[in-house]
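For reference, the structure discussed in these notes is given below.
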Amino acid sequence: MLRYAARRIALMVPTLLGVALLTFFMLRVVPGDIVEVKLRSDGAQVTQEMIDSERARLGLDRPLVVQFGDWMRGLVTLDLGTSMWTGRPVAQEIGIRLGLTMQVAFMAAVIAVLIAVPLGTISALWRDTWLDYAVRIFTMAGLAVPSFWLGMLVILGLLSVFHWSPPVTYTPFWRSPLENISQLIWPALAVGYRYAAVVARMVRSSVIEVMREDYIRTARAKGVFERLVVARHAMRNAMLPAITVVGLEFAFLIGGLVVTEQVFNLNGIGRLFVEAVSRSDFVLVQALVMLLAVVFVTMNLLIDMLYGVLDPRVRHG
Amino acid sequence: MTQEPRGRPLSRRAALALPALVLPALGRTSPALAQQGESPRRGGILTFAVAAEPPTYDLHATGTFAVMHRVAPHYSTLLRYEPGNYPNIVGDVAQNWTVAEDRLTYTFKLHPNIKFHDGTALTSEDVKASYDRMRAPPEGVVSNRQPSFAQIATIETPDPLTVAFRMKEVDASIMDTFASPWNSIFSAARLRADPNFPARNIMGSGPFRFVEHVAGSHWVGERFDGYFREGKPYLDGYRAITMSPAAMVNALSGRQIMAEFRGFTPNERDRIVRALGQDARVQESSWMLHMILTFNCERKPFNDPRVRRALSLAIDRWGGSQSLSKISQLGQVGGLVRPGSEWSATPKEMEQWPGYGRDMAANRAEAKRLLKEAGAENLSFTLMDRNHQPYVTAGIFMIDQWRQIGVKAEHQQVELSAWYAAQNSGNFEAFVDSFTQFSDDPTNVLVKYISYDRAEVAVARATDRELDRLFDEQARTIDGEQRKKLVRQFEARALDQAYAVPILWWQRIVVMNQQVRGWSMAPTHMIYQDLGDVWIAA
Chain R
1 MLRYAARRIA LMVPTLLGVA LLTFFMLRVV PGDIVEVKLR SDGAQVTQEM
51 IDSERARLGL DRPLVVQFGD WMRGLVTLDL GTSMWTGRPV AQEIGIRLGL
101 TMQVAFMAAV IAVLIAVPLG TISALWRDTW LDYAVRIFTM AGLAVPSFWL
151 GMLVILGLLS VFHWSPPVTY TPFWRSPLEN ISQLIWPALA VGYRYAAVVA
201 RMVRSSVIEV MREDYIRTAR AKGVFERLVV ARHAMRNAML PAITVVGLEF
251 AFLIGGLVVT EQVFNLNGIG RLFVEAVSRS DFVLVQALVM LLAVVFVTMN
301 LLIDMLYGVL DPRVRHG
Chain L
1 MTQEPRGRPL SRRAALALPA LVLPALGRTS PALAQQGESP RRGGILTFAV
51 AAEPPTYDLH ATGTFAVMHR VAPHYSTLLR YEPGNYPNIV GDVAQNWTVA
101 EDRLTYTFKL HPNIKFHDGT ALTSEDVKAS YDRMRAPPEG VVSNRQPSFA
151 QIATIETPDP LTVAFRMKEV DASIMDTFAS PWNSIFSAAR LRADPNFPAR
201 NIMGSGPFRF VEHVAGSHWV GERFDGYFRE GKPYLDGYRA ITMSPAAMVN
251 ALSGRQIMAE FRGFTPNERD RIVRALGQDA RVQESSWMLH MILTFNCERK
301 PFNDPRVRRA LSLAIDRWGG SQSLSKISQL GQVGGLVRPG SEWSATPKEM
351 EQWPGYGRDM AANRAEAKRL LKEAGAENLS FTLMDRNHQP YVTAGIFMID
401 QWRQIGVKAE HQQVELSAWY AAQNSGNFEA FVDSFTQFSD DPTNVLVKYI
451 SYDRAEVAVA RATDRELDRL FDEQARTIDG EQRKKLVRQF EARALDQAYA
501 VPILWWQRIV VMNQQVRGWS MAPTHMIYQD LGDVWIAA
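Chains as they are written, first to last, in full-length UniProt numbering: chain R, 1 to 317; chain L, 1 to 538.
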């Protein structure tokens with residue numbers, strides 16, 4: 001198992017290196033200059049000398065190879081650089097927002113799993129009954145409705161019915177659990193619904209497939225109670241593909257809540273990403289892409305490790 | 001001559017500006033009138049929204065409201081626009097001032113009791129250090145104000161409470177320039193230690209002290225008890241929350257915030273008013289912000305004035321104003337200066353300009369004739385635009401207008417950074433531009449339309465020495481009527497050559513909770529943001 005884990009971790013290095021290389025050079029091809037955005041906003045009168053001087057201060061006038069070398073050196077020493085927009089360390093910019101994003105992603109994942117596993121299983125076990133149809137309609141609607149639109153409906157609903165909207169600034173859970181939950185539960189529900197729909201459909205198809213396996217027939221032939229057949233034999237195996245979906249969706253949520261964060265005014269990673277791209281804050285965009293790449297490869301690694309735990313054929317294969 | 005800043009009768013400029021401020025488009029009650037007779041109440045935290053993150057804390061180095069709305073409450077300026085009485089200028093740290101007969105020396109006497117937030121006294125040295133930093137920034141310091149102060153020759157400080165500015169030449173706009181909200185006064189001692197201190201630190205003498213800035217989330221200020229204006233500020237503090245315009249509407253409707261000071265669209269205004277009912281206060285005025293169609297005059301066929309004039313002629317500004325003002329922030333028809341301001345042309349005068357006549361059939365016929373004459377009958381080009389409202393609305397509107405004279409334009413909508421990059425590199429054919437300033441003074445505004453080699457903001461990349469001459473002449477002309485005539489000549493020439501032409505001016509619609517009192521509406525979102533007079537009703 002350890003050798004398996006070490007091999008997977010070693011594979012992460014070239015993957016991340018490839019991401020770094022592509023991100024750095026692709027960003028330089030995109031038109032746009034942060035100095036222009038920074039200085040020329042709202043009709044400000046600036047001279048070309050000011051623009052050139054600021055570009056020099058930010059190191060944008062140096063050869064690309066030198067800039068890339070500096071960035072790579074920084075990455076190795078875990079120094080992500082300084083945001084060209086705010087002048088603050090990138091690690092600090094990300095740190096402020098990561099907690100909120102992780103919490104929303106975690107809450108959405110919990111909501112999704114709590115809804116998806118029972119619904120997907122019920123739908124599979126009572127296949128082609130009204131119960132199955134109801135669950136499928138529910139999950140198809142979840143896939144069809146964009147999370148941000150559902151979020152807008154949630155806010156409009158709260159405004160119309162309760163004349164209230166969720167708090168607009170983030171309060172950490174340990175400071176005020178009620179304030180924290182009253183802000184984050186709504187985006188978590190909006191995102192969790194789509195998340196649940198994806199996972200429920202995966203659980204349903206996996207349970208249907210597993211229930212056709214020989215070992216299920218054998219268990220039934222041995223006279224094992226149906227509930228035990230499902231719980232002990234079917235679910236454990238049916239969960240393998242579902243875990244993959246849960247993990248990848250979780251990774252997606254770290255940077256993919258862009259519009260939902262706008263709707264609920266969440267100071268999260270997705271919003272930071274959009275702002276960094278629109279301002280051409282290369283240093284911040286690079287760091288965010290690397291963060292997401294690390295999250296994705298780490299999540300893949302964890303999923304693979306979990307496969308190894310759940311399925312002995314993987315770890316001994 | 002001596003000017004007494006306080007208790008003056010309403011100036012001619014103020015009287016001219018008033019209709020725009022107190023006669024809102026929808027006939028709503030003016031807040032100034034509604035608040036008469038009320039006594040300000042002390043206490044409370046004002047929570048308001050700001051739509052963008054500040055790139056710096058340094059007001060000298062930027063032109064964005066994202067900095068102004070958060071940072072202005074921490075600083076004082078030499079002069080300021082009188083609250084509720086734009087464009088009348090009064091002193092801020094200046095108690096009074098004298099202007100030499102030749103208008104080449106301006107001497108300001110400062111209030112004697114002004115303290116910075118660290119307890120040190122604000123003196124003429126601090127004023128000098130701040131203005132020196134703006135007009136001749138040390139290496140590594142960015143000053144967006146440098147072009148505005150090019151005419152200052154020397155700054156002298158004969159005593160701690162007197163500062164004198166000697167000018168190289170007469171500048172008719174200098175009082176407006178001194179009243180600019182961007183001219184925050186920093187501590188000379190702090191600047192000596194680090195000329196870039198204000199970029200990441202706040203230490204001023206304004207009504208509020210800095211508490212914290214959580215990036216992407218909020219900015220907090222608290223009352224400065226040592227503020228030099230007796231009894232002010234009224235608020236205990238303020239909290240500026242970063243949020244998108246869509247989130248602002250919901251937050252204001254749900255009473256999570258009390259105000260937003262930039263402006264909403266008519267549709268957003270109506271949504272908030274529906275949600276808040278009697279608790280909504282709407283203030284509307286024209287806005288010192290206009291949408292411009294800019295041609296790249298270095299590229300064919302836009303180097304031909306007939307083509308540019310034809311494309312301007314095809315735009316039905318009067319009809320567009322009527323329809324677009326209902327659905328967007330676009331509003332009035334105007335020339336190069338804000339309609340309704342002291343300097344603007346009357347509608348009758350405007351109708352004489354190409355593209356401003358009301359007979360659209362005749363305008364379009366003339367546009368077609370000009371295109372034919374220029375050999376550009378089947379003209380097709382790319383209109384670059386921002387992917388942001390109301391830019392997109394303006395772009396779509398113009399493309400439809402040009403379609404009616406057989407011109408095809410592709411609408412290319414790009415991010416802000418790519419939009420600026422195209423302007424700077426000249427990699428565009430035509431684009432939807434905008435321009436805003438903190439005052440209506442013609443020197444501030446017309447700079448957008450002079451030759452490119454004189455001003456980088458004149459991104460049409462044209463050279464027109466006649467416009468430059470008129471610009472320089474009006475900048476030196478003290479007599480208001482004479483200056484106005486020069487502005488008219490400038491407008492007539494600029495609109496005839498059509499290097500860049502106004503499309504429509506914006507309308508400013510500010511919606512806030514009616515509990516917010518004492519804030520002054522103005523035709524710019526850059527002034528009256530120090531919050532010193534603002535209070536919250538019970």
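Idealized CB from N, CA, C, for every residue including glycine.
Minimum C-alpha distance to residue i - residue among the options
i, options, result
"L:S286", "L:T265, L:A275, L:L370", "L:T265"
"L:V50", "L:G43, L:A72, L:Q413", "L:A72"
"R:H233", "R:I254, R:R40, R:E261, R:E209", "R:E209"
"R:S280", "L:Y420, L:A246, L:D118, L:K368", "L:Y420"
"L:K484", "L:W506, L:Q515, L:T443, L:R465", "L:T443"
"L:P181", "L:D453, L:P55, L:Q322, L:R145", "L:R145"
"R:G192", "R:L266, R:T260, R:L125", "R:T260"
DSSP bridge partner residues for residue i (one or two, in chain order)
i, result
"R:P89", "R:T82"
"L:G237", "L:I45, L:E222"
"L:F208", "L:R223"
"L:V99", "L:Y106"
"L:W535", "L:R517"
Alpha carbon of residue i to alpha carbon of residue j, nearest angstrom
i, j, result
"L:L26", "R:T101", "Residue confidence is low: L:L26 scores 37 on pLDDT, short of 50, so the model does not pin down where it sits. Its coordinate-derived value is still stated next. Distance between the alpha carbons of L:L26 and R:T101: 42 angstroms."
"L:A20", "L:F65", "Here L:A20 scores only 39 on pLDDT, less than 50, and its place in the model should not be relied on; the value that follows carries that caveat. About 21 angstroms."
"L:H525", "L:N183", "16 angstroms"
"L:V22", "R:V277", "Caution applies to L:V22, whose pLDDT of 38 falls short of 50 and renders its modelled position unreliable; the value that the coordinates give is listed next. Each residue's alpha carbon lies about 41 angstroms from the other."
"L:K109", "L:G206", "18 angstroms"
"R:L2", "R:A10", "12 angstroms"
"L:P354", "L:E373", "17 angstroms"
"L:L383", "L:G395", "8 angstroms"
"R:D79", "R:D61", "21 angstroms"
"L:G44", "L:R229", "19 angstroms"
"L:I527", "L:E377", "46 angstroms"
"L:R209", "L:V163", "26 angstroms"
"R:L189", "R:M202", "20 angstroms"
"R:L98", "R:A293", "15 angstroms"
"R:V19", "R:V297", "11 angstroms"
"R:T15", "R:L21", "10 angstroms"
Beta-carbon neighbours of residue i, restricted to chain R and to distances below 8 angstroms
i, result
"residue 625 of chain L", "Nothing can be reported for residue 625 of chain L: it is not among the residues displayed for chain L, which extend from 1 to 538."
"L:A251", "S165, V168, N265"
"L:H218", "T169"
Under 8 angstroms from the C-beta of residue i: neighbouring residues of chain L
i, result
"R:W85", "E53, P55"
"R:T47", "Q146, P147, E456"
"R:S147", "What R:S147 touches in chain L: nothing, since even the nearest Cβ is about 15 angstroms away."
"R:P262", "The residue you asked about is not Pro; residue 262 of chain R is Gln in the sequence shown. Ordered by position in chain L, the residues that pass the 8 angstroms Cβ test against R:Q262 are S244, A246, A247."
Residue i: contacting residues in chain L (beta-carbon distance under 7 angstroms)
i, result
"R:W164", "G254"
"R:G32", "E415, S417, A418, A421"
"R:M50", "V142"
Partner residues on chain R for residue i, Cβ-Cβ distance less than 9 angstroms
i, result
"L:V214", "I96, T169, Y170, N267"
"L:I527", "Those do not exist, as L:I527 stays about 13 angstroms from chain R at its closest Cβ, beyond 9 angstroms."
Cross-chain neighbours of residue i in chain R, by beta carbon under 7 angstroms
i, result
"L:N513", "Those do not exist, as L:N513 stays about 13 angstroms from chain R at its closest Cβ, beyond 7 angstroms."
"L:M243", "V168, N265"
"L:R200", "G87"
"L:A275", "L159"
Any non-hydrogen atom of the ligand FMN within 6 angstroms of residue i CB
i, result
"R:L143", "Looking at this structure, you won't find the ligand FMN or any other ligand, since it has none at all."
Within-7 angstroms CB hit, residue i to chain C
i, result
"R:R40", "Included in the structure are the protein chains R and L, with no chain C among them."
- [ ] Kindly confirm or deny that the segment 154-161 of chain L and the segment 50-60 of chain R touch, where touching means at least three C-beta pairs closer than 8 angstroms.
- [x] Verdict: no, contact absent.
Open item on the list: Check whether the segment 114-134 of chain L and the segment 193-205 of chain L are in contact - that is, three or more C-beta pairs closer than 8 angstroms.
Closed with: At 8 angstroms Cβ cutoff, the stretches touch.
Task: the segment 137-154 of chain R / the segment 239-251 of chain R touching (three or more Cβ pairs under 8 angstroms) - done: With a cut-off of 8 angstroms, the segment 239-251 of chain R and the segment 137-154 of chain R do not count as touching, because too few Cβ pairs lie within range.
- [ ] Could you say if the segment 416-436 of chain L and the segment 286-297 of chain L meet the contact criterion of at least three C-beta pairs nearer than 8 angstroms?
- [x] Yes, the segment 416-436 of chain L touches the segment 286-297 of chain L.
Open item on the list: For the structure I just gave you, are there three or more beta carbon pairs, one from the segment 86-104 of chain L and one from the segment 69-88 of chain R, closer than 8 angstroms?
Closed with: The answer is no - the segment 69-88 of chain R does not touch the segment 86-104 of chain L, with fewer than three Cβ pairs under 8 angstroms.
Open item on the list: Would the segment 243-259 of chain L count as touching the segment 78-91 of chain L if we require 3 or more Cβ pairs under 8 angstroms?
Closed with: In the pairwise beta carbon analysis, the segment 243-259 of chain L is classified as not touching the segment 78-91 of chain L: fewer than three pairs are separated by under 8 angstroms.
- [ ] Flag this pair as touching only if the segment 498-514 of chain L and the segment 325-342 of chain L have three or more C-beta atom pairs under 8 angstroms; answer yes or no.
- [x] In this structure the segment 498-514 of chain L lies against the segment 325-342 of chain L, because at least three pairs of beta carbons, one per stretch, are closer than 8 angstroms.
Open item on the list: Is it the case that the segment 176-194 of chain R contacts the segment 100-116 of chain R, given that we only count it when at least three CB pairs across the two stretches are under 8 angstroms?
Closed with: Yes, they touch.
TODO: Examine the Cβ distances between the segment 223-240 of chain R and the segment 157-170 of chain R and report whether three or more of them are shorter than 8 angstroms.
DONE: By the Cβ test, the segment 223-240 of chain R is not in contact with the segment 157-170 of chain R, since fewer than three Cβ pairs between them sit closer than 8 angstroms.
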